[in-house]
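Let me begin by presenting the structure, written as structure tokens, before commenting on it.
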Amino acid sequence: MADYNFQEIEKKWQERWEASQIFNAKVDPQKPKFYSLDMFPYPSGAGLHVGHPLGYIASDIVTRFKRLQGYNVLHPMGYDSFGLPAEQYAIQTGQHPAITTEENIKRYTEQLKNIGFAFDWDKEVRTSDPSYYKWTQWIFMQLFNSYYDKTADKAKDISELVKIFETEGNPTVDAVSDEDVEIFTAEEWKGYSEKKQQQVLLQYRLTYLAETTVNWCAALGTVLSNDEVKDGFSERGGHPVERKKMMQWSMRITAYAERLLNDLDKVDWNEPIKEMQRNWIGRSKGAEMVFQVKGQDKKIKVFTTRIDTIYGVTYLALAPESELAAELITEDQREEAEAYIQVAKNRSERERMSDVKTISGAFTGSYAINPFNGEEIPVWVADYVLAGYGTGAVMAVPAHDERDYNFAKHFGLEIRQVLEGSMENGSFPGRDGIAMNSGFLNGLVMQDAMDKAIEFLEENKIGKGKIQFRMRDAIFTRQRYWGEPLPVYFKDEIPYLVEEKDLPIVLPEVDKYLPTEDGAPPLGRAQNWTYKTADGEFPLELSTMPGWAGSSWYFLRYMDPQNNTEFVSKEAQQYWEAVDLYIGGAEHATGHLLYSRFWTKFLFDKGLINIVEPFKKMINQGMIQGRSNFVYRIKGTNQFVSHGLRKDHDTAAMHVDVNIVYNDQLDLDKFKAWRPDLGDAEFILEDGKYICGAEVEKMSKSKYNVVNPDDIINRYGADTLRLYEMFLGPLEQFKPWNTNGIDGVSKFLKKLWRLYHDKNGNFAVSDAEPSKEELKALHKTIKKVEEDMNNYSFNTSVSGFMICVNELSGMKCNKRAILEPLAIIVSPFAPHIAEELWSLLGNDRSIVEAAFPQYKEEFLTENNHEYPVSINGKMRAKLSLSLSLSKEEIEKAALTDDTVSKWLDGKTPKKVIVVPGKIVNIVV
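Spelled out as structure tokens, the structure:
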């Protein structure tokens, strides 16, 4: 084979890898394990663009390297295949989401295989497969049948709680529960009806049904997460979204808040991701207290981290969604306050949290009483207060808090100084200030004042010290079709679990993927969507699980995906344990990553797995940005002027498809064929070419800068794509895609190929002993790659390969002792060409089964030193001498050198200064 035929080589080895199943992983206690995981993709209809494989290539390099080091590697791939896009397409076309999902998965799988990933496809999972979501439903059932024991600090079976109720009632129970649980005795518990008992248990279960404020989109017929709402409209489709209360399933992730926070110290993640989670969890230590409403039998409960500022409270603020807010509106304020509330409550919480410029609110007309001094305080409604955080009410201290201050300034409310420092000059008091106002807190430092104030609250039974978390329980249902059905039926309006033997509860067929005419979710259209028990036939839950359900535990199923009797066997889980390397986007920091950690801790509590954290090491790959190209139309014409000449004309820039531009040069014929209106386009060229403009932007269809990896592979090969994506820059940084630079990588692979062939293209490798220079070039690269692997610095490894191949080419090296290990170290990055070269070298087994070569320091140690020889301060010669020579031997060699003799011109040196390993200085 004379030339490097990448199409033939890559197809050949991809077929061989698949036929041999060489990447299939099995439990092998005799080998150390390495579990590498990529965040699995949602299979959209658009397929992959060149930005998507970035993380996959990096993890593939690591897994191939680990195999060469002797590790037993698990590197699976699957699909997060439930989701709203497939359902929306089904609504538009009437085609079942399963059909489009299957088509999209085939497309993705083909693209991934073409890039040559070492995935264990035998382990593939799909969240929409009933054999998979059977176990998602099963985990839901375990959560439903559990409660969180605060004393033991772990989840326990709900049956243990029932035993306590039967013998002691609930006064001594220290468990995570709803706020409004009533106290009862054992006798009262036994006297409750079955319905009443189940209602009480629902207040303790780790997954529960409760009325919750949600983002409701009538047009889509579903609840949306905060991420899916922007400026009061759905991100998908731009439909209006309103905040409303609905019965929803939720999960008590808040029970695990402290553990989720503390255990961040156990994982090797980058600090920004950890900080995002810390902020999302939002631990605050403070006090909870009540303000009596003047003239009414109503109380307002607030949480504050600065109870010591109680004398600086000048108003209370309630969240617009608060039921109490509506109840406190007086007649003279009704029109204005209700109009404000109607607008404010439909803004998403995320939007209200991020909007620091808009200040809006309304006075309720009611007043509350400060329990410390009896002062009357106006009660307002403000959109910066969130119903889901704390109590949904804020005691406002404008002199201490920026949002309180801005609100008070805007509405002309009192701003009372409580700490040293003035708000008027723009400086906010420090958190360690001194309480200065009236009352018994005078003169106390902050912590002492806090403790004294909390003591007062508890003695007078108007409050207590409390640790509060910003994180809220996770809403677990969506009013959609294309999601996991919940294994729940309703008897007398109380939820019960189906029997395990009846899992999975499979999605039923429906005539449309829309809500019913009376507003029920799409499953309400199913025929006989009921569950039969010995007591009768009962309706099943109509909502489905959210997208994060299946992705919260998929890393466990990969270990044992064909198991029909367990979600994962103990043998598989104990061997593979946690994921050693997880690569994916930082956008999942406060969603998927938190939920996965939550479910992992729960499963650990139940003794079902032996890990408390799912992902040991995580890397967030940066985004590959698009490099857009532009053509310049002369206004009012169909004439286009080249980039360098555009200033001579009145032009308008227009995005052009980057796939018809090569090194910024436009393919004129393809441009004319690109759109019907361009068929008669005319061009003003520079040097006979049309040169396009360029700009780095986000890769998107609208900018015509999406690059399909299939096109790159067809033109340059998968190995070139893999190397180039790594060569673009550090893995975690954002970097622009620029097809112009790919030629250099392509040429490097051809140069690598030529090392193993003679000038006639024949394979020609010598068994001769390598030179010191050749060994140095190789071992320098081995050391570099090993260090880079440990630091995940893949771009510098590619540079190292290029340097090495250039050096070896310059030496005309064709030695087996050099080229065989070179193929091995290149193989994680460019596996196809490495396999082919390995085979040509006479190896019967795959390069995957080779051992990574060990670098030897002896080959990197310099034996000679190049001495600069100076005569009267000017460097006149260079001598390469052994480092073992003595001073006298170095001096003798210098003085007898022909070049030095010429410059001495027969003169006898007055002094010769020799510094071994550095210089020779001659004075004449």
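Heads up, the sequence shown is in the UniProt record's numbering, so the first residue is 1 and it goes up one at a time. The beta-carbon is built from N, C-alpha and C at its ideal position, and this holds for glycine as well.
Locate the alpha helix (DSSP H) running through residue i, then write down its first and last residues.
i      : result
Glu807 : Phe794 to Gly810
Ser746 : Ile742 to Leu755
Tyr405 : Glu402 to Phe411
Met726 : Ala718 to Phe727
Met789 : Lys772 to Asn791
Glu335 : Arg334 to Ala344
Leu497 : Run containing Leu497: none in the alpha helix (DSSP H); it sits in the beta strand (DSSP E), Ile494 to Leu497.
Leu318 : Not the alpha helix (DSSP H): Leu318 falls in the beta strand (DSSP E), residues Tyr315 to Leu318.
Phe671 : Leu668 to Trp674
So, at 8 Å on beta carbons, what are the nonlocal neighbours of residue i in its own chain, with the 5 sequence-adjacent residues on each side left out?
i      : result
Arg876 : Val869, Ser870, Thr899, Val900 and Trp903
Phe233 : His239, Pro240 and Val241
Gln665 : Lys689, Tyr690, Ile691 and Cys692
Trp280 : Arg470, Met471, Ala589, Thr590 and Leu594
Apart from the five residues just before and just after residue i, which ones in its own chain have a Cβ nearer than 6 Å to its Cβ?
i      : result
Gly622 : Glu732, Gln733 and Phe734
Ser284 : Thr305 and Gln468
Val394 : Ala317 and Val385
Cys217 : Leu224, Ser234, His239 and Val241
Ala526 : Pro508 and Val510
Ile105 : Pro43 and Tyr79
Val912 : Glu891 and Ile922
Thr391 : Lys301, Val302 and Phe303
For the beta strand (DSSP E) that contains residue i, what are its first and last residues?
i      : result
Arg876 : Lys874 to Ser882
Val162 : From DSSP, Val162 is part of no beta strand (DSSP E) but of the alpha helix (DSSP H) over Ile158 to Glu168.
Pro272 : Element bounds for Pro272: not the beta strand (DSSP E) but the alpha helix (DSSP H), Glu271 to Ile281.
Val707 : Where Val707 is concerned, there is no enclosing beta strand (DSSP E), given that its DSSP letter is neither H nor E.
Phe615 : Phe615 to Asn620
Phe538 : Gly536 to Pro539
Ala652 : Thr651 to Val656
Phe531 : In the sequence under discussion, the amino acid at residue 531 is Tyr, which differs from the Phe named in the question. Its beta strand (DSSP E) spans residues Thr530 to Thr533.
Lys299 : Lys299 to Thr304
According to DSSP, which residues form a beta bridge with residue i?
i      : result
Glu695 : Ser628
Trp216 : Val223 and Glu242
Arg478 : Thr544
Pro485 : Thr544
Glu682 : Gln639
Arg646 : Its beta-bridge partners do not exist; DSSP assigns none.
Leu209 : Trp249
Asn921 : Ser870 and Ile913
Tyr256 : In DSSP, Tyr256 forms no bridge with anything.
Gly463 : Met289
Check whether the Cβ atoms of residue i and residue j sit closer than 8 Å, and answer yes or no.
i           : j      : result
Pro378      : Tyr315 : yes
Pro53       : Tyr108 : no
Phe727      : Ala155 : no
Glu338      : Ile329 : yes
Val656      : Asn629 : yes
Ala578      : Phe538 : no
residue 925 : Ala586 : The structure shown has nothing for residue 925, since the chain only spans 1 to 924.
Leu721      : Phe144 : no
Tyr204      : Tyr147 : yes
Ala344      : Asp383 : yes
Pro398      : Arg478 : no
Gly717      : Thr127 : no
Asn872      : Val826 : no
Arg816      : Val848 : no
Ile818      : Leu778 : yes
Asp473      : Arg252 : yes
Asp122      : Asn270 : no
Grab me the residues of residue i's own chain with a C-beta within less than 7 Å of its C-beta, minus the 5 sequence neighbours each way, in chain order.
i      : result
Ile462 : Met289, Val290 and Pro371
Gly917 : His865 and Leu883
Glu336 : Ala362
Leu881 : Asn864, His865, Tyr867, Ile890 and Ala893
Leu840 : Tyr756 and Phe763
Exercise. Within the UniProt domain "Aminoacyl-tRNA synthetase class Ia" (12-145), note down every full beta strand (DSSP E) run reaching 3 residues or more, in order along the chain.
Key: Unbroken beta strand (DSSP E) stretches of 3 residues or longer found wholly inside the UniProt domain "Aminoacyl-tRNA synthetase class Ia" (12-145): 33-38 and 72-74, given in chain order.
Self-check item: In chain order, each beta strand (DSSP E) run of at least 3 residues that lies wholly inside the segment 367-392
Solution: The segment 367-392 contains these whole beta strand (DSSP E) runs: 376-382.
Quiz item: In chain order, which alpha helix (DSSP H) runs of at least 4 residues are fully inside the segment 561-603?
Solution: Complete alpha helix (DSSP H) runs here, min 4: 570-576.
Quiz item: Quick one: complete beta strand (DSSP E) runs, 3+ long, within the segment 814-879?
Solution: Counting whole runs of 3 or more residues, the segment 814-879 contains the beta strand (DSSP E) stretches 864-871.
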